[in-house]
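With the numbering used here, the residue at position 673 of the sequence shown is 1438, and numbering never jumps. Idealized CB from N, CA, C, for every residue including glycine. Because the structure is a prediction, the values reported are computed rather than measured. Input: a single structure, listed below in structure tokens.
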Amino acid sequence: MRTKSFIALLLFAVAFAMADSSVPQFWKRNKPAAADSVGTADSILSPTDTTQMDSLQLAIYRHNKAIDDSIHLDSLNRQKKNGIDAPVVYEAQDSLVYDAASNTAHLYGSSTVDYENMNLQSDKIYMSLDSSLVHATGSPDSTAEDGLKGKPVFTMGQDKYDTDTMAFNFKTKKGLVRNAYTEQQDGFLTSQVSKRNDNGDIYLAHGRYTTCDAEHPDFYIALSRAKVRPGKDVVFGPAYLVVADVPLPLAIPYGFFPFTKSYSSGFIMPTYGDENTRGFYLRDGGYYFAMSDKWDLKLLGEIYTKGSWGISAASNYRKRYKYSGSFYFSYQDTKTGDKGMPDFQKQESFKIQWSHRQDAKANPFSSLSASVNFASTSYERNNLNSMYNPQSLTQSTRTSSVSWSTTFSSLGLSLSSSANLSQNMRDSSIAMTLPDLNVSISRFYPFRRKHMVGDERWYEKISLSYTGHLSNSISTKEDKLMHSNLIKDWRNGMQHNIPVNANFTLFNYLNVTPSFNFTDRMYSNKVTRSWDEERQVEVSDTTYGFHNVYNWNLSLSASTKLYGMYTGSPRLFKKHPWQIRHVFTPQVSFSYAPNFGSARYGYYDTYQKTDANGNVSLVEYSPYSNSLYGVPGKGRTGSISWDVSNNVEMKIKTDKDSTGFKKISIIDELGASMSYNMAAATHRWSDLSMRLRLKWWKNYTFNMNAVFATYAYELDENGHPYVGNHTEWGKGRFGRFQGMSQNFSFTLNPQQLKKWFGGGDDKKDNKKDDNDDEGMDTDVESNVDDDMVKGQRGAKGGKAETDADGYMRFSMPWSLTIGYGVTMREDTREAKFNKKTMRYPYRFTQTLNFSGNVRISDGWNISFSSGYDFENKEISMTTASLQRDLHCFNMSCSVVLAPYTSYNFSFRCNAATLTDALKYDKRSGYSNAVQWY
766 MRTKSFIALL LFAVAFAMAD SSVPQFWKRN KPAAADSVGT ADSILSPTDT
816 TQMDSLQLAI YRHNKAIDDS IHLDSLNRQK KNGIDAPVVY EAQDSLVYDA
866 ASNTAHLYGS STVDYENMNL QSDKIYMSLD SSLVHATGSP DSTAEDGLKG
916 KPVFTMGQDK YDTDTMAFNF KTKKGLVRNA YTEQQDGFLT SQVSKRNDNG
966 DIYLAHGRYT TCDAEHPDFY IALSRAKVRP GKDVVFGPAY LVVADVPLPL
1016 AIPYGFFPFT KSYSSGFIMP TYGDENTRGF YLRDGGYYFA MSDKWDLKLL
1066 GEIYTKGSWG ISAASNYRKR YKYSGSFYFS YQDTKTGDKG MPDFQKQESF
1116 KIQWSHRQDA KANPFSSLSA SVNFASTSYE RNNLNSMYNP QSLTQSTRTS
1166 SVSWSTTFSS LGLSLSSSAN LSQNMRDSSI AMTLPDLNVS ISRFYPFRRK
1216 HMVGDERWYE KISLSYTGHL SNSISTKEDK LMHSNLIKDW RNGMQHNIPV
1266 NANFTLFNYL NVTPSFNFTD RMYSNKVTRS WDEERQVEVS DTTYGFHNVY
1316 NWNLSLSAST KLYGMYTGSP RLFKKHPWQI RHVFTPQVSF SYAPNFGSAR
1366 YGYYDTYQKT DANGNVSLVE YSPYSNSLYG VPGKGRTGSI SWDVSNNVEM
1416 KIKTDKDSTG FKKISIIDEL GASMSYNMAA ATHRWSDLSM RLRLKWWKNY
1466 TFNMNAVFAT YAYELDENGH PYVGNHTEWG KGRFGRFQGM SQNFSFTLNP
1516 QQLKKWFGGG DDKKDNKKDD NDDEGMDTDV ESNVDDDMVK GQRGAKGGKA
1566 ETDADGYMRF SMPWSLTIGY GVTMREDTRE AKFNKKTMRY PYRFTQTLNF
1616 SGNVRISDGW NISFSSGYDF ENKEISMTTA SLQRDLHCFN MSCSVVLAPY
1666 TSYNFSFRCN AATLTDALKY DKRSGYSNAV QWY
């Protein structure tokens, strides 16, 4: 065993010794040649006699030789690879000269060279196929611009360069360009000399950057040197502004412009200025976070030299086919006056806005929407932007709501919940409902058979539905909301409503509808009242627990329709025969409800009151009068009501309509209604209500409602007027007119005048409405006057129209909108009562508003809005705006003339890249009362 182990060990030693390169008798290697050219790089191995080797030596020799051969082959391939990676396609319309000796090509006349994603077009191109070098230039031509035609146009991917002369290496992707012109995002770059490296970066010398797309730009920024990263940014050294070829003394040592098409984070430069009460400020500066394609975040701040400061956060979010919305929060710490002095004030204010909208395709059975606009009372007074927006500053109420709803179609069940808030900015009062839950079951027929056989039976027409309402609300002041008690201060309750209806047809013409309605209310407290004789005040005692209040009523109604036709004489109206149709709809109904003021229901109670003089009286009250859903009314109800409605239409034969007839509405509706309560002790007749609706124009409908009182005024023993028990008809008079309210609005423009006085074409005048629905309709308040912005947009117009002789046709587009409202009511002040006619005089309340815009020329637009207060006999809020479109710049000025005065002037560059850099803003101080005009 030891002998075999020793032999095996000896064989391994011999094998390793023969594999060693230092053994000369088994392996011989020539000295490597001097490493240089391709021709001398191939070394030749000396022949080796393999016949003298055994199997183990031969295996080792072949293994080492294979490794040396592979390494040697790789070195040869690397040294021989000196060409390009893809075919080069080139063509020329005039001629193509190829020199085989130098492997070059000359292309003449509208030549094109394509290589991978690169394209070169020029009138003359010289191309070296060995060095992959291309040289392009235009051809001299005295008629062409700059004396050259067919200038080189180089395109690489999405980047395009217009040049005079260029040299480019397709292999290294480096190039030298003279007089280059390229577009980056919304800006344009030109340079005298440009150099491109293999990374795609471009180095410019003596360049220009502008956002003006004119051939001769209105302005540009002269760049001494710059580095351009296409699609990313441009970084430049010393630069100055040139306007209308006039250099301005506005220079900067360093700067950059971003070109990225994707969302990117970055700093937001602040604006500076001064304000009388808070001092100098830096505001609207911060940082923008490009979180993702679905949402972003913008943080801004402001600071004043007298101690005031503020922060704000704004975010937009959107998920395609799911939801979209925006959120805004702002906090301000305002300090006015000098600290330690009597006029020093400190106010903290904030504002929250949230808008959320769910896409209709996200979930057809559930939806969530929000429109929150809440601000503290002092926020708008301390916000600089609101000072120049009359709508925001004078807004007296704000409303917010968040609602959610879902449906179960298989059950006919619907659930909806909402939170509502109403805020009065004048007295800081708040009315809040949280939550407001509604549960409803759609109408169903409990007695209807699942498989109908034969005629429908009468009881199968009975329908049933359910509506439940749970609510919790409070009305308080802004500073007391967070300190309120949920049980004691909030009003809460639940209401159930179950209507039962049926519909029958009698004698084929009469529709009869019986109904029964049951309403149940559930409250968590009731208030018991008593009289304190010592203090002579009413005492309230709130008892908490479960309290149920219900009521029910019955009703039966019958209605039908009567038609009357009148046809014009065919002898008099042969060409245009006409016919008038009159539809008369009478309805009679009866309703009954018991007296829920009875003591057995417990909805009303009494207490004994003894005043200071010893007079005793009985005071009736309801423990549930201040509850959320109220209390059923007192007294039995058994009333008969009637209603009539009239509709008159005319039909005329015409060839302009595809049906051959044209319908004209003469009276869309003329109706009246009245009721008689048989169970009432007094005033059994109700007031007479009348309504009138006329369709005067295609887009305008005239509506008027009037109420005529039934009972006349009478005088008591002290001579004070009151509504007596005698009717106006009993005294030979028609019902006393209670008043009316009507609003009119009309817009006048040149197109409307053409339609009135001829020359207008309805088909040509139909234009698309400026109000589009694209984007998120959040109804969130913004510091922008929408009417002014709409008028300012009219300043941007196209080319002017010309007549047949080539002269510009005179045109001054304008529009004027006038709104007038009038309200007529009885002036019920006792001093105004006329004892001879036994009537109160009527009092009129009128409002007049007008707005419009005038486009005095192409690029100029003036808009205005104002009104008149008839009660105070003063001009109401008056604003005016002037805007001038300067192609690359935009100038605007807005003025508030009444009731206070202010102005806001702005001059900005239109391009988004430079709008924050090239601007000038000037505002008036809002805190002083100086009349500047």
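Item	Value
Return helix, strand or coil for N1490, following the three-state DSSP convention.	strand
Note down the Cα distance separating D1550 from L1321, rounded to an integer number of angstroms.	Confidence in D1550 is poor, its pLDDT being 47 and thus under 50, which makes the residue's placement too unreliable to answer from.
For the beta strand (DSSP E) holding T1462, just list the boundary residues, first then last.	The amino acid occupying residue 1462 in the given sequence is Trp; Thr does not appear at that position. Taken as a continuous stretch (DSSP letters only), the beta strand (DSSP E) holding W1462 covers 1453-1462.
Based on the DSSP secondary-structure assignment, which residues constitute the bridge partners of N1227?	As written in the sequence, residue 1227 is Ile, which differs from the Asn given in the question. In DSSP, I1227 forms no bridge with anything.
For D888, count the other beta carbons within 10 Å of its own beta carbon; 16 or more makes it buried, fewer makes it exposed. Which is it?	buried
Determine the burial state of I1252: buried for a count of at least 16 other Cβ atoms within 10 Å of its Cβ, exposed for fewer.	exposed
Based on Cα-Cα distance, which residue from T1172, S1134, L1180, A1140 lies nearest to S1166?	S1134
If you drop the 5 nearest sequence neighbours on each side, which residues of the same chain put their C-beta closer than 6 Å to that of S787?	Here the model assigns S787 a pLDDT of 41, short of 50, so the residue's position is not dependable and the matter cannot be decided.
So, for D1534: in the same chain, excluding its five sequence neighbours on each side, which residues have a beta-carbon less than 8 Å away from its beta-carbon?	The predicted position of D1534 is uncertain, since its pLDDT is 45 and thus under 50; a value taken from the coordinates is nonetheless stated next. The answer is none, since no qualifying residue turns up.
Please confirm if the segment 980-996 is in contact with the segment 1656-1668, defined as three or more CB-CB distances below 8 Å between the two stretches.	no
With a Cβ-Cβ cutoff of 9 Å, do K1416 and W1343 count as a contact?	yes
Can you say whether N1655 is buried or exposed, counting buried as having 16 or more other CB atoms within 10 angstroms of its CB?	buried
Quick one: is Y1487 buried, meaning 16 or more other Cβ sit within 10 Å of its Cβ, or exposed?	exposed
Could I get the ranges of all uninterrupted beta strand (DSSP E) runs contained in the segment 862-928, with 3 residues as the minimum, in chain order?	869-880, 883-893, 898-902, 918-921, 924-927
For N1147 and P1107, I'd like the C-alpha separation in whole angstroms.	19 Å
So with Cβ pairs under 9 Å, would you call D963 a contact of chain B?	The question asks about chain B, but that chain is absent: this structure has only one protein chain.
Can you look up P1351 in the DSSP assignment and give me helix, strand or coil?	strand
What's the call for T976, buried or exposed, on a 16-neighbour Cβ count within 10 Å?	buried
In the structure shown, what three-state DSSP assignment does Y1369 receive?	coil
When the Cβ atoms of the segment 1345-1353 are set against those of the segment 1318-1332, are three or more pairs found closer than 8 Å?	yes
I need the straight-line Cα distance from S1689 to S1630, nearest angstrom please.	20 Å
Looking at the structure shown, is R1649 part of a helix, part of a strand, or coil, going by DSSP?	strand
Would you call D1592 buried or exposed, if buried means 16 or more other Cβ atoms sit within 10 Å of its Cβ?	exposed
Taking just the CA atoms, how far does T1512 sit from K1561?	Its pLDDT being 49, under 50, K1561 is placed unreliably in this model, and the coordinates cannot settle the point.
Rounded to a whole number of angstroms, what is the C-alpha to C-alpha distance between Y1115 and E1040?	Contrary to the premise, residue 1115 reads as Phe rather than Tyr in this sequence. When rounded, the distance between both Cα atoms is 20 Å.
In terms of residue numbering, what span does the alpha helix (DSSP H) encompassing L1518 cover?	1515-1522
To the nearest angstrom, how far is it from the Cα of T1293 to the Cα of S1305?	6 Å
DSSP beta-bridge partners for W1169?	L1133, S1182
Measuring straight from C-alpha to C-alpha, what distance separates A1078 and Y1019?	30 Å
Of the choices Q1097, D1103, S1356, whose alpha-carbon is the least far from that of S1141?	Q1097
Distance, Cα to Cα, K1687 vs Y1037?	11 Å
In angstroms with no decimal places, state the Cα-to-Cα distance between S1451 and S1406.	9 Å
Report back the beta-carbon spacing between A870 and L885 to the nearest angstrom; my notes put them in contact at under 8 Å.	Their Cβ separation, rounded to whole angstroms, is 13 Å, which puts A870 and L885 out of contact at 8 Å.
CB-CB under 6 Å to S1295, same chain, minus the five flanking residues each way: which ones, in chain order?	V1304, Y1372
Run through DSSP, which three-state label would N1189 get?	strand
Considering just the uninterrupted stretch of the beta strand (DSSP E) at R1122, what are its terminal residues?	1110-1123
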